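S.K.: What follows is a single structure, and I will ask about it in a moment.
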Amino acid sequence: MERNAKMAQNNLHVPSNVARPGDAPDFSSVPLEPAGAAARPKIDVAARETHDLSYGLIRVLDDDGKAVGPWDPKLSAETLRTALRHMVQTRIYDNRMLRMHRQGKMSFYMTSNGEEAIAIGQGMALRDEDTLFPSYRQQGLLFVRGRSMVDMASHCMSNARDNLMGRQLPVHYTWREGNLFSISGNLCTQFPQAVGWAMACAYKGEEAIAASWIGEGSSAEGDFHVAMTLASVYRAPVILNLVNNQWAISTFQGIAGGNETTFAAKGIGYGIPGLRVDGNDVLAMHAATTWAAERARKGFGATFIEALTYRGGAHSTSDDPARYRPKEDWGSWPLGDPIERLKTHLIVIGEWSDERHAQMEGEITDQVLNDLKEAEGYGTLNAAPRPDPVTLFDDVLKDMPPNLKRQREEFGA
Amino acid sequence: MPQQNMIQALNAAQDILLERDPNVVIFGEDTGYFGGVFRATDGLQAKHGLQRVFDSPITEAGIIAMAIGMGANGLRPIAEIQFSDYIFPGFDQIISELSRLRYRSAGQYTAPVTVRSPWGGGIRGGQTHSMSPEAFFTHIPGIKVVVPSTPHDAKGLLISAVEDDDPVIFFEPKRLYNGPFDGDHEAAAKSWAQHSGGDVPDGHYTVPLGKAKVVRAGKDASIITYGTMVHVALAAVAKSGIDAEIIDLRTLAPVDLDTITWSVEKTGKCVIVHEAPKTSGFGAELSAAIQENCFYHLEAPITRVTGWDTPYPHAHEWEYFPSQARIINALQHVMKV
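Line by line, the protein sequences give chains Z and A.
Last residue of the first sequence: 423 in the numbering used here, with the numbers rising by one and none dropped.
Last residue of the second sequence: 425 in the numbering used here, with the numbers rising by one and none dropped.
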């Protein structure tokens, strides 16, 4: 009895203010500042002057599909159509890959449904020589950089054409030719590495910069603090991006600290300007990244960008979000679908139509199907050809050490 | 030949590396202006500039991660971890990132990082300044692990480590910085000036990674050891009257199994000595490898002399630290069998 009485007085605060299965979606805490309202400061702005930008929301596309305000990047219609094409391609590719996973052609997959504007908008604002340190949900960067889907799918199916020789989980891409760094499955480790890469850019006097992406969940890792501290101390030419998609597998953003502050505001404490950006607004993401890249290239150091979005799909093929969030959540997300928003904008400015969109979707679907079929011709996880198994002993060190030579011999090579 | 202690030799190696390669950079806690708490980078910032030898915040994870990013982007970082006991906040970056980068990217990205770190006991450092954590690292594919035992080897091995295109964990036996400590903590400290290992050539030279050294030839038994224990073993053998061969491994990963098996097959008896605790220590790997490779030549059980399976104590340091007497006992044990 006494113990129960004590339990009744348990004062431990555990955040739980999130809609769960059976609840109606509730996004009342998501700020909906009007598009165009946020000021666009000069690139040499002091971190402390970014208070409003880090607690507000930078948006360009308004509810009517018009681009408004000082952050409008004023991209050409051609560029906007390219962005739309990349975003549509990313989604179609993702969803076809999901089906191929269900068919047993790969061990695992992760879609970026709903988050396409982040990788595409940011990727298009960077230069090819800038090195990217993404997490596993920015595959759109590869489309911006022009990687072939045959190669991407070959990696995911760990087939004979996999440029990673079957050594990495699907989606954990590396593409040196496109300056996309090796994606780790350990979270946030790439954040301080990107800072180190950027420091080397500065050391060599190059204009190239680095950009990295983490999720809001892994901002609780020590490496987040490490990266922010180092980026600030050494004024590294890096863009540190946090994709706040609300969910770390089943754990909502309040458990990562999002109830008490915005993630963007954490930048200020490190002396790094923080921008909170509508992650489903490809124009806003492009504009914020252009601003941050110019800051970095001109020697003003790092920028911390929170992209506010919603993870449309499961965390991965090993996850079932119906067990922890309302099924209709994504459709109720107040910042909409990034593809629909850009499509609407292009139509509003007279540069696109539903017919052209449907035609483009058809073309991309055909291309995706063709490319994935071609990739399957190089094998799948369960069908030859696969990388020669003896290559599993390669690349541990530059020169194979004696212990590995003995083990390779034991293996039968 | 010039006489140097191990700190001077390490300092000279880094000076030469900075001089020869503009991509070499050095950073760590107190390594810049001050020159390191053990002075291994003393004067290098003044000579080579702020941007090549600088201070890092207190962030071992950050020191390693920064080195990975810089190394992948064409630099050749020497990252100092102030004590090997402090390396663990950087452990994930070493184990999950640095060691695997070449493999998981199929050679597209590599990071030629050297992590220098004072290591081992014998300086009254207590549990946070005395550890020998080498076995955590020898267990990991994709990194090399080096432990020198003389100023000569320290300089040559460090130059090899930094010029190597793979990551190297370079553990420096801090009790050997100022002299060849033989385990007799009550005797007057000896200087490297009276030891052949203190003969350090000027200029650039290398000692190859992956090659052990026979520091004493013998026919009765083989002592396999590294670091400070090389000198303790030498003193123990001199007193024992047993003609033991002493192998200084110098590189633990990849280990020079050829030299080990050559010696053990010759003597038929083997004593392994290290400061780290016994259970799952590097001696366990050595013992297994010797058993696998030399079983039919063995005339006695492989015997290990190690630190106890306790945290490194403070007041009872000399009861923990493997002594000459324990090595002599082990030698007598394998000879009697």
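The beta carbon of each residue, even a glycine, is placed where N, CA and C say it ideally should be.
These numbers come from a predicted model, not from an experiment.
At 7 Å on the CB atoms, spell out the chain Z contacts of Ile-175 of chain A, in chain order.
M.R.: Those do not exist, as Ile-175 of chain A stays about 14 Å from chain Z at its closest Cβ, beyond 7 Å.
S.K.: Okay, do the segment 294-306 of chain A and the segment 245-252 of chain A touch, 3+ Cβ pairs below 8 Å being the bar?
M.R.: Enough Cβ pairs lie closer than 8 Å, so yes.
S.K.: Taking the beta carbon of Met-11 of chain Z as the centre, do at least 16 other beta carbons fall within 10 Å, making it buried, or is it exposed?
M.R.: Confidence at Met-11 of chain Z is low in this model, with a pLDDT of 48, below 50, so the placement of that residue is unreliable and no value is reported for it.
S.K.: Taking C-beta to C-beta, are Ala-275 of chain A and Gly-267 of chain A nearer than 7 Å?
M.R.: Cβ distance not < 7 Å, so Ala-275 of chain A and Gly-267 of chain A don't count as in contact.
S.K.: Starting from the N-terminal side, write out each stretch of the alpha helix (DSSP H) that is 4 residues or longer and does not extend beyond the segment 324-381 of chain Z.
M.R.: Listed in chain order, the complete alpha helix (DSSP H) runs (minimum 4 residues) inside the segment 324-381 of chain Z are 339-342 and 348-358.
S.K.: Where are the alpha helix (DSSP H) runs, 4 residues long or more, that stay fully inside the segment 107-191 of chain A, in chain order?
M.R.: Listed in chain order, they are 132-136 and 148-160.
S.K.: Among the residues of its own chain, which have a CB less than 7 Å from the CB of Pro-35 of chain Z, if the five just before and after it don't count?
M.R.: Within the same chain, Pro-35 of chain Z has close Cβ partners Ala-29, Pro-336, Glu-338, Asp-339 and Ser-342.
S.K.: Hey, how far is the Cα of Val-253 of chain Z from the Cα of Thr-202 of chain A?
M.R.: The straight-line gap from Cα to Cα measures roughly 33 Å.
S.K.: Which residues of chain A have a Cβ atom closer than 8 Å to the Cβ of Gly-277 of chain Z, listed in chain order?
M.R.: Correct list: empty, because the minimum Cβ distance to chain A is about 17 Å.
S.K.: If you draw a straight line from the C-alpha of Asp-344 of chain A to the C-alpha of Ala-218 of chain Z, how long is it?
M.R.: Computed Cα separation, rounded: 42 Å.
S.K.: Note the first and the last residue of the continuous beta strand (DSSP E) segment covering Gly-279 of chain Z.
M.R.: No beta strand (DSSP E) contains Gly-279 of chain Z, which is instead part of the alpha helix (DSSP H) from 276-279.
S.K.: Figure out for me which residue from A:Phe-409, A:Ala-377 and A:Ile-95 has the closest Cα to the Cα of Val-361 of chain A.
M.R.: When each option's Cα is compared against that of Val-361 of chain A, the closest is A:Phe-409.
S.K.: Is it right to say Phe-122 of chain A is buried, meaning 16 or more other beta carbons lie within 10 angstroms of its own, or is it exposed?
M.R.: Its Cβ having fewer than 16 others within 10 Å, Phe-122 of chain A is exposed.
S.K.: Please report the straight-line C-alpha distance between Gly-284 of chain Z and Met-167 of chain Z, rounded to a whole angstrom.
M.R.: The straight-line gap from Cα to Cα measures roughly 38 Å.
S.K.: DSSP state of Lys-424 of chain A, grouped into three classes?
M.R.: Here Lys-424 of chain A sits in helix by DSSP.
S.K.: Verify whether the separation of the beta carbon atoms of Leu-391 of chain Z and Ala-163 of chain Z is less than 7 Å.
M.R.: No, they are not a contact pair.
S.K.: Applying the 10 Å Cβ sphere with the 16-neighbour rule, what's the burial state of Val-40 of chain Z?
M.R.: The residue in question, Val-40 of chain Z, is exposed, as its Cβ has fewer than 16 Cβ neighbours within 10 Å.
S.K.: Quick one: list the residues of chain Z neighbouring Gln-139 of chain A, beta-carbon separation under 8 Å, in chain order.
M.R.: Under the 8 Å cutoff, chain Z gives Tyr-213.
S.K.: Look up Arg-286 of chain Z in the DSSP assignment and say whether it is helix, strand or coil.
M.R.: Correct three-state label for Arg-286 of chain Z: strand.
S.K.: Would you say the segment 280-300 of chain Z touches the segment 259-270 of chain Z, given that touching needs at least three Cβ pairs under 8 Å?
M.R.: These segments do not touch.
S.K.: When you check each C-beta in the segment 155-167 of chain A against every C-beta of chain Z, which residues fall closer than 9 Å?
M.R.: Here the close residues are Ala-155, Ile-156, Gly-157, Met-158, Gly-159, Ala-160, Asn-161, Gly-162, Leu-163 and Pro-165.
S.K.: At 8 Å on the CB atoms, spell out the chain A contacts of Ser-192 of chain Z, in chain order.
M.R.: Near Ser-192 of chain Z (Cβ distances below 8 Å), the residues of chain A are Leu-189, Arg-192, Ser-193, Gln-196 and Tyr-197.
S.K.: Please compile the residues from chain Z whose C-beta is within a distance smaller than 7 Å of the C-beta of Pro-229 of chain A.
M.R.: In chain order: Val-406.
S.K.: Take Ala-153 of chain A as the anchor and find which of A:Lys-357, A:Gly-178 and A:Ala-242 has the nearest alpha-carbon.
M.R.: Minimum Cα distance to Ala-153 of chain A is reached at A:Gly-178.
S.K.: Does the segment 323-330 of chain Z touch the segment 103-123 of chain Z, meaning 3 or more C-beta pairs lie closer than 8 Å?
M.R.: They touch, by the three-pair rule.
S.K.: What separation, rounded to the nearest whole angstrom, lies between the Cα atoms of Ala-418 of chain A and Thr-391 of chain A?
M.R.: Spanning the two alpha carbons is a distance of roughly 7 Å.
S.K.: Arg-321 of chain Z and Trp-257 of chain Z: beta carbons closer than 7 Å?
M.R.: A contact, by the Cβ cut-off of 7 Å.
S.K.: Can you name the residues of chain A whose CB is closer than 9 Å to the CB of Asp-233 of chain Z?
M.R.: Neighbours of Asp-233 of chain Z on chain A, chain order: Ala-149, Gly-150, Ala-153, Asp-180 and Gln-181.
S.K.: With a threshold of 16 other CB atoms inside 10 Å of the CB of Ala-242 of chain A, please say whether the residue is buried or exposed.
M.R.: By the 10 Å Cβ count, Ala-242 of chain A comes out buried.
S.K.: DSSP three-state label for Phe-259 of chain A, please.
M.R.: Note: Phe-259 of chain A maps to strand in three-state DSSP.
S.K.: Are the CB atoms of Val-352 of chain A and Ala-97 of chain A nearer to each other than 7 Å?
M.R.: Not closer than 7 Å, so no.
S.K.: Of the choices A:Ala-321, A:Gly-291, A:Gly-124 and A:Phe-370, whose alpha-carbon is the least far from that of Arg-108 of chain A?
M.R.: Of A:Ala-321, A:Gly-291, A:Gly-124 and A:Phe-370, the residue nearest in Cα terms is A:Gly-291.
S.K.: Contact criterion: CB-CB distance below 7 Å. Does Arg-186 of chain Z meet it with respect to chain A?
M.R.: It does; some Cβ of chain A falls within 7 Å.
S.K.: Determine which residues of the segment 334-349 of chain A have a Cβ less than 7 Å from any Cβ of chain Z, and write them out in chain order.
M.R.: Hits within the stretch, in order: Pro-342 and Leu-345.
S.K.: Counting only the same chain and skipping the five closest in sequence on each side, list residues whose C-beta sits under 8 Å from that of Arg-480 of chain A.
M.R.: The structure shown does not extend to residue 480 of chain A, since chain A spans only 89 to 425, so no value can be given for it.
S.K.: Any idea what DSSP makes of Ala-281 of chain A, helix, strand or coil?
M.R.: Here Ala-281 of chain A sits in helix by DSSP.
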